[in-house]
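Participant:
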Amino acid sequence: MAVPVLKSAPVLEVANLEVVYKNAVIALRGVSLTVAEGQVVAVLGANGAGKTTLVRAITGLLFVHDGAIRDGAILLRGEDLGRMSCAQIVSRGVCQVPEGRMLFPSLTVEENLKMGSMTRRDRAGISQDLERIYELFPILGDRRRQEARWLSGGEQQMVAVGRALMARPRLLICDELSLGLAPQIVETLFEMLARLNREDGLSVLLIEQNARMALEYAAYGYILETGRVVLDGPAPQLRDNEDVQEFYLGGGEHVSISYSAIKHYKRRKRWLS
Ligand SMILES: Nc1ncnc2c1ncn2[C@@H]1O[C@H](COP(=O)(O)OP(=O)(O)OP(=O)(O)O)[C@@H](O)[C@H]1O
Ligand SMILES: [Mg+2]
-3 MAVPVLKSAP
7 VLEVANLEVV
17 YKNAVIALRG
27 VSLTVAEGQV
37 VAVLGANGAG
47 KTTLVRAITG
57 LLFVHDGAIR
67 DGAILLRGED
77 LGRMSCAQIV
87 SRGVCQVPEG
97 RMLFPSLTVE
107 ENLKMGSMTR
117 RDRAGISQDL
127 ERIYELFPIL
137 GDRRRQEARW
147 LSGGEQQMVA
157 VGRALMARPR
167 LLICDELSLG
177 LAPQIVETLF
187 EMLARLNRED
197 GLSVLLIEQN
207 ARMALEYAAY
217 GYILETGRVV
227 LDGPAPQLRD
237 NEDVQEFYLG
247 GGEHVSISYS
257 AIKHYKRRKR
267 WLS
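By the working numbering, the letter at position 43 of the sequence shown is numbered 39, and the numbering carries on one by one without gaps.
So this is what it looks like as structure tokens:
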């Protein structure tokens, strides 16, 4: 008798998600995506594509921005996140490294890190996790008593990642981790995520404009444009896709045009030739 192959259940399933701000601006128009347990998945898109909106929807923070889920569902291991508070979502192991880091500038590195463990009561576990973060990012150990405002951009981003890890996430969502950072720092941060993925089975959703870097680390990718997924596939397939190369990997002359625009342009080119 053939042994059935059990595919691991998705940790996150977003199905036909529609999000609207102020009851007027539609920011996501039927977005669907899946993150399997222990997988690194990339969501790529230009400014205004709806990436942060997706993060807000998953982490229960839409209401802060006068946004709401109008249709569709967000399931965490089958459980509906759409009806939960952000605290409930964090307690289920979903944490984010927010766009712009959002550190407390006048608090020390260690105080910022501890903010991530505010909902935890296991003091021994918290100290252990702090030490793990200092092991992962030795520079933060050296600077633990320094106010966050005096750190470089890269070090601040390390604190933001460390703070999210202090909540012991099972799914970590990083909103534009690479923004404004030198390539070497970005590589350090992504290597760290890859290590946590390998060693702890952490699932990661990389929300990025840096397609080259994200597709190097992710197994699967989605391309988001004006609130819609216009393309998805395994990372190597996306990297090899001519249009993705042209528009997201800086391979061509049309880098400022969108993926759907090039489709249109190519169709026109075919018709005209
Ligand atoms: N609070 C808000 N109220 C109204 N519209 C909003 C609000 N926040 C975002 N939007 C709109 O929703 C759309 C998606 O924005 P979002 O911030 O999700 O894009 P993004 O892909 O994260 O862009 P960026 O790369 O610039 O961070 C944009 O058209 C934006 O203007
Ligand atoms: Mg954004």
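Where is the CB? At the ideal position from N, CA and C, for every residue including glycine.
Since we're looking at a predicted model, the values are computed, not measured.
According to the neighbour-count rule (16 or more other Cβ atoms, all chains shown, within 10 Å of its Cβ), is Pro101 buried or exposed?
Facilitator: Walking along the sequence shown from the start, residue 101 turns up at place 105. Label assigned to Pro101: exposed.
Participant: Could you give the residue range of the beta strand (DSSP E) that holds Gln92?
Facilitator: For the purposes of this step, residue 92 is taken as the residue at position 96 of the sequence shown. Per DSSP, Gln92 belongs to the beta strand (DSSP E) from Val90 to Val93.
Participant: Just checking Thr49 against ligand 1 - is the residue's beta carbon closer than 7 Å to any of the ligand's heavy atoms?
Facilitator: The residue labelled residue 49 in the question sits at position 53 within the sequence shown. Yes; taking the cut-off as 7 Å, the Cβ of Thr49 has a heavy atom of ligand 1 nearer than that.
Participant: Taking the C-alpha atoms as reference points, what is the distance between Leu147 and Gly96?
Facilitator: On the sequence shown, residue 147 is found 151 positions in, with the first residue counted as 1. On the sequence shown, residue 96 is found 100 positions in, with the first residue counted as 1. Their Cα atoms are separated by approximately 14 Å.
Participant: Measuring alpha carbon to alpha carbon, tell me which of Arg128, Ile54, Pro134 and Val21 ends up nearest Leu201.
Facilitator: Taking the sequence shown and counting its residues from 1, the one referred to as residue 201 is at position 205. The option with the nearest alpha carbon to Leu201 is Ile54.
Participant: How big is the Cα-Cα spacing for Leu189 and Asp196?
Facilitator: Looking up residue 189 in the sequence shown gives position 193. Looking up residue 196 in the sequence shown gives position 200. Each residue's Cα considered, the two are about 10 Å apart.
Participant: Kindly say whether Gly78, judged by its beta-carbon, lies nearer than 8 Å to any beta-carbon of chain B.
Facilitator: Any reference to chain B falls outside this structure, which holds one protein chain only.
Participant: Going by the CB atoms, is the gap between Ile169 and Val51 shorter than 8 Å?
Facilitator: Numbered from 1 along the sequence shown, position 55 holds the residue referred to as residue 51. Numbered from 1 along the sequence shown, position 173 holds the residue referred to as residue 169. Yes, they are a contact pair.
Participant: Would the stretch 154 to 164 and the stretch 99 to 115 be scored as touching if the rule is three or more Cβ pairs under 8 Å?
Facilitator: As far as the Cβ criterion goes, the stretch 154 to 164 touches the stretch 99 to 115, which means the pair count is three or higher.
Participant: Tell me the rounded alpha-carbon separation between Tyr213 and Pro232.
Facilitator: The residue given as residue 213 occupies position 217 in the sequence shown. The residue given as residue 232 occupies position 236 in the sequence shown. Those two C-alpha atoms are separated by around 10 Å.
Participant: For Pro25, I'd like the list of residues in its chain whose CB is within less than 7 Å of its CB, leaving aside the five on either flank, ordered along the chain.
Facilitator: As a working mapping, residue 25 is identified with position 29 in the sequence shown. Strictly speaking, residue 25 in this sequence is Arg, with Pro absent from that position. Around Arg25: Glu14, Gly223 and Arg224.
Participant: Can you tell me the Cα-Cα spacing of Glu75 and Ser28, whole angstroms?
Facilitator: For the purposes of this step, residue 75 is identified with residue 79 of the sequence shown, where counting begins at 1. For the purposes of this step, residue 28 is identified with residue 32 of the sequence shown, where counting begins at 1. Their Cα atoms are separated by approximately 16 Å.
Participant: Return the chain-ordered list of same chain residues with a C-beta closer than 8 Å to the C-beta of Asn43, the five sequence neighbours on each side being excluded.
Facilitator: Locating residue 43 in the sequence shown gives position 47, where the first residue counts as 1. Excluding sequence neighbours, Asn43 sits near Gln205.
Participant: Nearest to Val36 by alpha carbon, out of Arg166, Ala69 and Gly121?
Facilitator: Residue numbering aside, residue 36 sits at position 40 when the sequence shown is read from its first letter. Of the listed residues, the one whose Cα sits closest to Val36 is Arg166.
Participant: Which residue from Asn12, Tyr17, Leu8 and Gly34 puts its Cα closest to that of Arg191?
Facilitator: As a working mapping, residue 191 is identified with position 195 in the sequence shown. Nearest C-alpha to Arg191: Gly34.
Participant: Suppose you measure from the CA of Glu270 to the CA of Gly41; what does that come to, to the nearest Å?
Facilitator: Residue 270 cannot be examined here, being either before or after the span of the chain that is shown, -3 to 269.
Participant: Looking at Glu95 and ligand 2, is the gap between the Cβ and the nearest heavy atom below 7 Å?
Facilitator: As a first step, residue 95 is located in the sequence shown; it is residue number 99 there, counting from the start. Yes; taking the cut-off as 7 Å, the Cβ of Glu95 has a heavy atom of ligand 2 nearer than that.
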